[in-house]
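Enquirer: Chains as they are written, first to last, in our numbering: chain V, 27 to 768; chain Z, 121 to 505. Just so it is clear, CB atoms sit at the ideal spot from N, CA and C, and this is done for glycine as well. Remember, it's a predicted structure, so these values are computed and weren't measured experimentally.
1. Strictly by DSSP, which residues pair up with residue 270 (chain V)?
2. Output the distance between the C-alpha atoms of residue 168 (chain V) and residue 657 (chain V), rounded to the nearest integer angstrom.
3. Helix, strand or coil for residue 481 (chain Z), going by three-state DSSP, please let me know.
4. Apart from the five residues just before and just after residue 309 (chain V), which ones in its own chain have a Cβ nearer than 7 Å to its Cβ?
5. Out of V:518, V:662 and V:639, state which residue places its alpha-carbon closest to the alpha-carbon of residue 574 (chain V).
6. Look up residue 305 (chain Z) in the DSSP assignment and say whether it is helix, strand or coil.
7. Looking at residue 293 (chain V) and residue 406 (chain V), is the spacing between their C-beta atoms short of 8 Å?
8. Give a yes or no on whether the minimum CB-CB distance between residue 267 (chain Z) and chain V is below 8 Å.
9. Would you kindly work out how many angstroms separate the C-alpha atoms of residue 258 (chain V) and residue 425 (chain Z), rounded to a whole number?
10. With a threshold of 16 other CB atoms inside 10 Å of the CB of residue 273 (chain V), please say whether the residue is buried or exposed.
11. Which value, in whole angstroms, describes the spacing of the CA atoms of residue 489 (chain V) and residue 212 (chain V)?
12. Express the C-alpha separation of residue 442 (chain Z) and residue 474 (chain Z) in angstroms, rounding to a whole number.
13. Which partner residues does residue 207 (chain V) have in the DSSP bridge list?
14. Mind listing the chain Z neighbours of residue 424 (chain V)? Cutoff is C-beta to C-beta under 9 Å, in chain order.
15. Per DSSP, what kind of secondary structure is residue 486 (chain V) in: helix, strand or coil?
16. Determine which residues of the segment 402–421 of chain V have a Cβ less than 9 Å from any Cβ of chain Z, and write them out in chain order.
17. Whole angstroms is fine: what's the gap from residue 505 (chain Z)'s alpha carbon to residue 217 (chain Z)'s?
18. Return the chain-ordered ranges of every alpha helix (DSSP H) run that is complete within the segment 177–249 of chain Z and spans a minimum of 4 residues.
19. Quick check on the burial criterion: 16 or more other C-beta atoms within 10 angstroms. Buried or exposed for residue 568 (chain V)?
20. Looking at residue 258 (chain Z) and residue 224 (chain Z), is the spacing between their C-beta atoms short of 8 Å?
21. For a cutoff of 8 Å on Cβ pairs, would you count residue 203 (chain Z) as touching chain V?
22. Starting from the beta carbon of residue 452 (chain V), find every residue of chain Z whose beta carbon is closer than 8 Å, and list them in chain order.
23. Excluding sequence positions up to five away, which residues of its chain have a Cβ less than 7 Å from the Cβ of residue 328 (chain V)?
24. Along the segment 162–181 of chain Z, what residues have a CB closer than 8 Å to any CB found in chain V?
25. Would residue 701 (chain V) pass as a contact of residue 507 (chain V) if the rule is Cβ separation under 8 Å?
26. By DSSP's criteria, residue 354 (chain V) is part of a beta bridge. Which residues make up the other side?
27. Whose C-beta lies closer than 6 Å to the C-beta of residue 149 (chain V) among residues of the same chain, with five residues either side of it excluded?
28. Compare the C-alpha of residue 342 (chain V) against each of V:749, V:190, V:326 and V:250 and name the closest.
29. Taking residue 545 (chain V) as the reference, which of V:504, V:623 and V:393 has the closest Cα?
30. On the DSSP bridge assignment, give the partners of residue 607 (chain V) in chain order.
31. Among residues of its own chain, excluding the 5 on either side of residue 61 (chain V), which ones have a beta-carbon nearer than 6 Å to its beta-carbon?
32. Using only the alpha-carbon positions, how far apart do residue 408 (chain V) and residue 376 (chain V) sit?
33. Which residues in chain Z have a C-beta closer than 7 Å to the C-beta of residue 186 (chain V)? List them in chain order.
34. In chain order, what residues of the same chain have a beta carbon less than 6 Å from the beta carbon of residue 194 (chain Z), not counting five sequence neighbours either side?
35. Got a sec, what are the start and stop residues for the beta strand (DSSP E) residue 693 (chain V) sits in?
36. Going by beta-carbon coordinates alone, are residue 101 (chain V) and residue 171 (chain V) separated by less than 8 Å?
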């Protein structure tokens, strides 16, 4: 391994790392755990782009005499490094040198040993994290019981499951003749659309910008699932990260991501947390129900609240179908007569039970449920697209530690690859083209007729089809429309009424953290979605007559607590370095829980997506500019929800709590709106089937269609909307055929 | 440059043959429509038992050779094969079954195997959680388990390191030569020629040979496996089978229990794909729970089926056939453990022209009449209770 650092630089790095995470009494420091070695090696590999920053930073510390200074002087220099006042420090855009180095140090402490850090799993041993385990037994999720397992690296995992093969795709080249439908985007939405279309006998070409994969990537590897994704791992999105401003008067800066977005085959279906929950009945009539009950004056200033162009009953059959395709586990809700139901009492009526029982309740979930019930709430297990029994060749959940952001090692978590794509491909009617980056929707006489795409070697082609379906993430759905212009659509397709990009909504994540002093909660066991939640404070499930806000949010206790990320989660009074940080984290890693809040974000006139004329992607095309701030309703509602969450946390036995800010920013993975659905072309971009009002032959599906953002994970509704839209595409294809033969 | 030998089929048998050939200096191409141990092949699906006991006399020299190889194979291949050597335990649960165990022990001792007769107290030591109904056992200490998919991938990778060419991802058929087989023809129209083509294609062999008028007495059958949720590790060291049950049961490194046996699965009509039958899964699980009572408290988490080539007399067909054609197929139920020996012996046979240990498996050793072969192939899938 080439060491890119000189011996003096390495000496300063070692000294710095052992100051940030110092050795304790009988416990190893960062250098002994291998964190400095990891970073030094990474600078010759994946982090070569950061070498200059390290050199400058180490030079600045060296010039200040860091290597030979006494401990107190070293602490002053680390403080100056952290607050950016050390002379000679580099100041990269979007983060500080300390932010980056701190992140890399934590990777070196707690990554899988395959990456070169966490030597002999010493970092994991220190905090009691068992690493890559195939799964855990139910009893191991008991609160108060320490898990008695030796840590294990990924390399020691057994490969018990026998799973299906990689979906067959073809690399982008010349276009394919005879396509009935062209789907832009090989994610969940487009894949569900594709299966529906091929079942109706339609020939489908799917254009995916990224590369093929089986969907089990990054299983059990916290480092590759997070660091490399956010800092250069995602193939397309990182080249076109949107900018963000709070309002039209503020300057836009590069948005930082709470989570990376997946831009390879399967899209976010590989990385999602898999909560698969339907909207509530009144979510579809949010405007009329609110006005009827409380009066129009209760709608907040600057709102853009509207009803959806469909009812729950219209969407219900497609929810049923989507749940069957995914294999959703859950307990049906309804009234709790006699205490028999374990489901969500507010759940919309369902014609069918869930495909299989819910994920088991963890000890932590039971703790939450007990506290919630004491407070009069009705806790329930979140339904999830995670199997609890064998289903269509997939393996049931093993309750391992790696779920949201990770490919599932046994296909228990639904992805496009392990649900719809095998059947769609087996039909012979679907061709998945990878490495095809769509840059424009092509029209003829105002009608959409194809998609212009760029292959990985830079060649451009147009894939023609009788129906064009845009099925990418909310940002790219919006950008593609805005960047596709013709004589009939001078401001972009769908935008003749200036509606494209409006009413963007994104989930805020104002969680409440809770410490259970000295008590192992084992939150690192089990999928994220193995959660207990309450919906008593969602929507209009409680009376708002005496409140100064409308609507509400969901409070839930989720699993998954992985050490690279967790070591960055600190209460406000704990510093990011030194013995105080080390001691807090080592002591509390397994005693911290989080009450996750999903507040409803109302559509607002202020919040929208448009093009940033000053920032371009690697092809020289403008990136999306996000204008987003929380409004008056969220500013009142979120702190109130946080108060309620803290009450539950105290009921659970938390010894201290702290909370995140109400505004956590955009790119939340619940990014929605931008191509709003509606009946009226003057106030929406598409109809309720995703058909663009002003462009025949063009359908847009995905989270961008949303009219509002209920306090529910959006994925299941997005998939149901895609299946509903597919019916309209099939009908439109039939009509086109009639015209052609007439 | 055309290879000396093409091996068609990258399962454990084909992979072992390709690796041994390449190691001995032959120019080899390993060809598979998908890749090593691809679904729904036997190597993809197999439960991965390494069992030396209870084999046909002709198999005993091979199984002894292979048993000596297995403990070193992972190091030789430079791969984790998930191998472990907790032994194999065959049980009698009734007085009537005891003579079967005794007969197996006698036959295996005659063949030179280190097989032990184990009484209930010793059974309890070997496998403490086993049913108290176990009256007598036949125990082979050196047996164990490994992961067939990993083994097949390791063989292919090792063959490639020895210079073998890997041609995966395209369907291939046998290319006719002057009076036999000249190589393989790929779906895209290209061809690869070689002096010898080894067909190690399991259940896909029948279709490959049909254009040449060859009809080996084999049949394709889907066999299904079950997997339980995770238990504490190291509860069950040996693989367990029982005289009176259609079952093999083992605990994996993860702590999960795997149940195999010879339970037939349902053909789907999509190629040779088969799917587990729930009716069989229920009986399969019940049988396992009778042997290991704690399974009554566990859950089924995964089930699958793979399609295997079963030979009419239970023994494989290994050896020359038409000019240019060499066969190695029909291994169902006993191919995995002997695959290192088969690889070694086939490589030697191809080099020397005569390998006496393979003589009992000659491809023309039986020519069953049409009625018997038809009945063998028509045997019902569904077990009638």
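Expert: Working from what's here:
1. V:279 and V:652
2. 41 Å
3. Helix at residue 481 (chain Z).
4. 565, 734 and 736
5. V:662
6. strand
7. no
8. yes
9. With a pLDDT of only 46 at residue 258 (chain V), under 50, the local geometry of the prediction cannot be trusted, and the value read off the model is given with reservation. The C-alpha of residue 425 (chain Z) is placed about 40 Å away from the C-alpha of residue 258 (chain V).
10. The residue is exposed, with fewer than 16 neighbouring Cβ atoms inside 10 Å.
11. One C-alpha to the other measures close to 15 Å.
12. 16 Å
13. V:230 and V:493
14. 349, 350, 374, 376 and 421
15. Of the three classes helix, strand and coil, the one that applies to residue 486 (chain V) here is strand, per DSSP.
16. The residues in question are 413, 414, 415, 416, 419, 420 and 421.
17. Caution applies to residue 505 (chain Z), whose pLDDT of 49 falls short of 50 and renders its modelled position unreliable; the value that the coordinates give is listed next. Looking at the two C-alpha atoms, the distance is approximately 21 Å.
18. 180–197, 218–230 and 240–246
19. exposed
20. yes
21. no
22. 390
23. Within the same chain, residue 328 (chain V) has close Cβ partners 630, 631, 632 and 657.
24. 164 and 165
25. yes
26. Note: residue 354 (chain V) sits in no beta bridge, so no partner.
27. Excluding residues within five positions, the ones whose Cβ falls inside 6 Å are 59, 135 and 136.
28. V:749
29. V:393
30. Residue pairing by DSSP places residue 607 (chain V) in no beta bridge whatsoever.
31. 43, 131, 134, 135 and 143
32. 15 Å
33. Per Cβ cutoff of 7 Å: 347, 372, 374 and 376.
34. 201 and 203
35. Run containing residue 693 (chain V): none; DSSP gives neither H nor E here.
36. no
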